[in-house]
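Peer 1: Can you read through this structure? Questions will come right after.
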Amino acid sequence: MKYLCLIYFEEAKLATLTDADYQAIAGECLDYTEQLAASGHHLASNALESVRSATTLRVQGGRVSLTDGPFAETKEQLGGFYLIEARDLNEAIQIASKIPPARLGCIEVRPVREPGVRPGVQPLGAAS
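For the sequence shown, full-length UniProt numbering begins at 1 and goes up steadily by one.
Put into structure tokens, the structure is as follows:
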């Protein structure tokens, strides 16, 4: 099953890293990506540009509106992702826990819905 591991961290915290610390974590990311590829778990991954470069697009009533900046202003920003293949959620969590930037913020692990499969969406907080 595919899982998307969304990497969140405070951009301000990232900006305080020394060049050496930043290069070290970037190198760890490359090494971990190679490990995941060798084990057959890696499908895709990438870092994202600063949230300041984001553009939010909305389509309502056939009209497109654009807003500079992210969809929501939050303390932590989406900074990158790993798309992985894992046996189940437990394995996906084990893989995600080793993503180097996890120690700078948090990782959200979400199953990827396959094309043609109707989503089983429940409102947040609803009993399952």
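All residues carry an ideal CB built from backbone N, CA and C; glycine is no exception.
Name the DSSP bridge partner or partners of Lys2?
Peer 2: Lys2 pairs with Glu85.
Peer 1: Beta strand (DSSP E) containing Thr55: first to last residue?
Peer 2: Thr55 to Gln60 is the span of the beta strand (DSSP E), which, as asked, contains Thr55.
Peer 1: Just checking my contact of Tyr8 with Gly105 at CB under 8 Å: how many whole Å lie between their CB atoms?
Peer 2: Sure, about 5 Å apart at Cβ, within 8 Å.
Peer 1: Three Cβ pairs or more, each shorter than 8 Å: is that satisfied between the segment 23-33 and the segment 85-101?
Peer 2: They touch, by the three-pair rule.
Peer 1: Given a cut-off of 8 Å, decide if Leu4 and Val112 are closer than it, judged by their beta-carbon atoms.
Peer 2: Result yes, Cβ atoms of Val112 and Leu4 sit closer than 8 Å.
Peer 1: In whole angstroms, what separates the C-alpha of Thr16 from that of Tyr22?
Peer 2: Roughly 9 Å between the two C-alpha positions.
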